[in-house]
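Notes follow once the structure below has been shown.
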Amino acid sequence: MDTAKTNTPRERKLKGKVVIDIQKCKGCELCTIACKENALALSETLNSKGYRYIISNNDLCTGCINCALVCPDAVITVYRTDGKKKKIEIPQSELKDEKNIISSILEEIK
Ligand code: SF4
Ligand code: SF4
């Protein structure tokens, strides 16, 4: 049996998008150590405080939030998506039911 690994990117159901407040990052690299996907790296340039800051490769991010959990300055925000956009059709009859339920709740809290 051939067990050789390939370099084909793994298919991921969950995807993430990391947003970093680069002016508050001090380049401690705790987040790069915590990221198992190697999605984070130090910049070549400096921020306004004179630190190299973190840049992300969101194509590799799975949204695991490890980086945000270890960041001592809470400068990382992680957004998760399921990687696919799905269109959901809601039948008119259900929409009417929803409207009725919302109306009755509004009546109750008047
Ligand atoms: S959310 Fe997870 S995969 Fe994405 S950059 Fe942070 S540690 Fe890496
Ligand atoms: S853990 Fe936070 S402060 Fe440290 S390098 Fe990463 S983003 Fe910057």
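Start counting at 1 in the sequence shown, then tack on 1334, and there's your number in the working numbering. Here a beta-carbon is modelled for each residue, glycine too, at the ideal position from N, C-alpha and C.
* Put A1408 into one of helix, strand or coil per three-state DSSP. => coil
* To do: Examine ligand 2 and report whether any of its heavy atoms sits within less than 7 Å of the Cβ of K1383.
  => no
* To do: Look at I1399 and V1409 and say whether their C-beta atoms are less than 8 Å apart.
  => no
* Please go through the same chain and pick out, in chain order, the residues whose beta-carbon is closer than 8 Å to the beta-carbon of D1407, but skip the five residues on each side of it. => Answer for D1407: K1358, C1359, K1360, listed in chain order.
* Taking the CB atoms as reference points, tell me whether S1377 and I1389 lie closer together than 8 Å. => Contact flag set, yes.
* Does the beta-carbon distance from D1416 to L1348 come in below 8 Å? -> yes
* Asked: Mind checking whether the beta-carbon of G1397 lies closer than 7 Å to any heavy atom of ligand 1?
  -> Yes, since a heavy atom of ligand 1 falls inside the 7 Å radius drawn around the Cβ of G1397.
* Asked: Quick one, which of K1370, N1381, C1405, D1355 has its alpha-carbon nearest T1396's?
  -> K1370
* Taking 7 Å as the line, does the beta carbon of G1361 fall inside it for any heavy atom of ligand 2? -> yes
* To do: State buried or exposed for G1350, treating a residue as buried only when at least 16 other CB atoms are found within 10 Å of its CB.
  => Label assigned to G1350: buried.
* Residue interval of the beta strand (DSSP E) (run including L1380) -> Counting along the chain, the beta strand (DSSP E) containing L1380 begins and ends at 1374 to 1380.
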